[in-house]
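The opening position of the sequence shown corresponds to residue 42 in the working numbering, with each subsequent residue numbered one higher. Taking it in order: structure first as structure tokens, then the write-up.
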Amino acid sequence: MANQSKFSIRFWGTRGSIACAGPDTVRYGGNTSCVEIMCGAYRMVFDAGSGLPMLGRHIMRQVANGDEPGAEEVSPETASPTDTDIFLTHTHLDHIIGLPFFALFHIPGLPITMHAGHLKAQGEALHNVLSAMMKAPLFPVPPEVFAANVDFVDFEAGETLTPREGVTLRTAPLHHPNSATGYRIDYGGKSICYITDTEHYPDRLDEQVVSLVRGADIMVYDATYTDEEYPRFVGFGHSTWQEAIKVADAAEVDTLVLFHHDPSHNDEAMDVIAEEASAARPGTLVAREGMTLTP
Ligand SMILES: [Zn+2]
Ligand SMILES: [Zn+2]
């Protein structure tokens, strides 16, 4: 398979809660959660916040230029040049608001599967939830306007999925209002974890998270707040960069990437967090829109 060794993560949206585009957030980005992980020619999109439409435009440009990864091996039976699936941590608005504007949904017949792991146990289904968002007068048209062949899959956080041969996706429930799902992607002997939105416990580490991310090469983690800010937001379902470091250390994660930045943190505030976090745990990174990492 072409690009067999290619395994990368790219950030299209790094914010939590609500988009905050503006001159004070240009360096770290103002769009909400959206992360692209390439496993060879297979693209996994984690969360569909306001960064998703930008990713859609990027893919369409690649397709137009013929330089989409894997394009040379395309046949009707195998990977399409836009071999893409979407995995949601949960369905709070900041993680799904970009969905109606994703260009790939308007390619006739293109198969795309959307997965969510937090709804099944609540007796809900992803298709119903998205239909409720894309419903007049909140939104003019329903998901049925998508020309692509979109499938909705509800699994239970804790399951292990194999979306493509050689790609293992382990999952775990996170500590978040209405629940959320943490993901670990293993491919070609390397691993990337995507852990947002989740709140730490006051007295212990979340063992389900530690066990999911153990030994990972890259862990993206919900660092919405600092420890100083956190007491005002107990119960909001988010964590801090200091807690992220505790998890990374306990699980012997190689590279920690702080994510889901609070919209009130401008570039200057993010610079301070980046400096303090990398002093506390050398190698720690702060996610920025456009940043690409390879494990
Ligand atoms: Zn969020
Ligand atoms: Zn949330």
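The beta-carbon is built from N, C-alpha and C at its ideal position, and this holds for glycine as well. The model shown is predicted, which means the values in this text are computed figures rather than measured ones.
Sequence-distant residues of its chain with Cβ nearer than 8 Å to residue i (five each side left out)
i: residue 197; result: 158, 161, 162
i: residue 164; result: none
i: residue 183; result: 172, 175, 176
i: residue 201; result: 209, 210, 211, 212
Exposed unless 16 or more other CB atoms sit within 10 angstroms - verdict on residue i
i: residue 77; result: buried
i: residue 264; result: buried
i: residue 56; result: buried
i: residue 60; result: buried
i: residue 284; result: buried
i: residue 180; result: exposed
i: residue 173; result: exposed
i: residue 135; result: buried
i: residue 212; result: buried
i: residue 130; result: buried
i: residue 247; result: buried
i: residue 177; result: exposed
i: residue 272; result: exposed
i: residue 374; result: This structure does not reach residue 374, given that the chain is present from 42 up to 336, and the question cannot be answered.
i: residue 108; result: exposed
Rounded separation between residue i and residue j - CA only
i: residue 313; j: residue 90; result: 25 Å
i: residue 193; j: residue 81; result: 23 Å
i: residue 63; j: residue 303; result: 14 Å
i: residue 152; j: residue 270; result: 43 Å
i: residue 230; j: residue 203; result: 15 Å
i: residue 276; j: residue 242; result: 10 Å
i: residue 330; j: residue 85; result: 17 Å
i: residue 227; j: residue 210; result: 6 Å
i: residue 155; j: residue 47; result: 23 Å
i: residue 267; j: residue 148; result: 42 Å
i: residue 300; j: residue 49; result: 16 Å
i: residue 168; j: residue 309; result: 40 Å
i: residue 205; j: residue 256; result: 22 Å
i: residue 166; j: residue 195; result: 6 Å
i: residue 83; j: residue 127; result: 11 Å
i: residue 185; j: residue 170; result: 13 Å
i: residue 298; j: residue 317; result: 13 Å
i: residue 274; j: residue 132; result: 20 Å
i: residue 54; j: residue 244; result: 31 Å
Cβ shell of residue i (< 6 Å), same chain only, five flanking positions each side left out
i: residue 332; result: 52
i: residue 278; result: 217, 218, 238, 240
i: residue 143; result: 93, 97
i: residue 249; result: 213
i: residue 325; result: 297, 318, 319
i: residue 187; result: 146
Cβ-based neighbour list, residue i, same chain, cut-off 7 Å, excluding 5 preceding and 5 following
i: residue 321; result: 286
i: residue 138; result: 73, 90, 91
i: residue 145; result: 97, 100, 123, 125, 151, 153, 189
i: residue 315; result: 327
i: residue 311; result: 69, 302, 327
Beta-carbon separation (whole angstroms), residue i vs residue j, contact threshold 8 Å
i: residue 88; j: residue 74; result: 4 Å
i: residue 296; j: residue 236; result: Incorrect: roughly 13 Å between the Cβ atoms, too far for contact.
i: residue 292; j: residue 254; result: 5 Å
i: residue 208; j: residue 234; result: About 14 Å separates the two Cβ atoms, so there is no contact after all.
i: residue 251; j: residue 288; result: 6 Å
Test: residue i CB closer than 7 Å to a CB of chain B
i: residue 307; result: Absence of chain B from the displayed structure is noted, only one protein chain being present.
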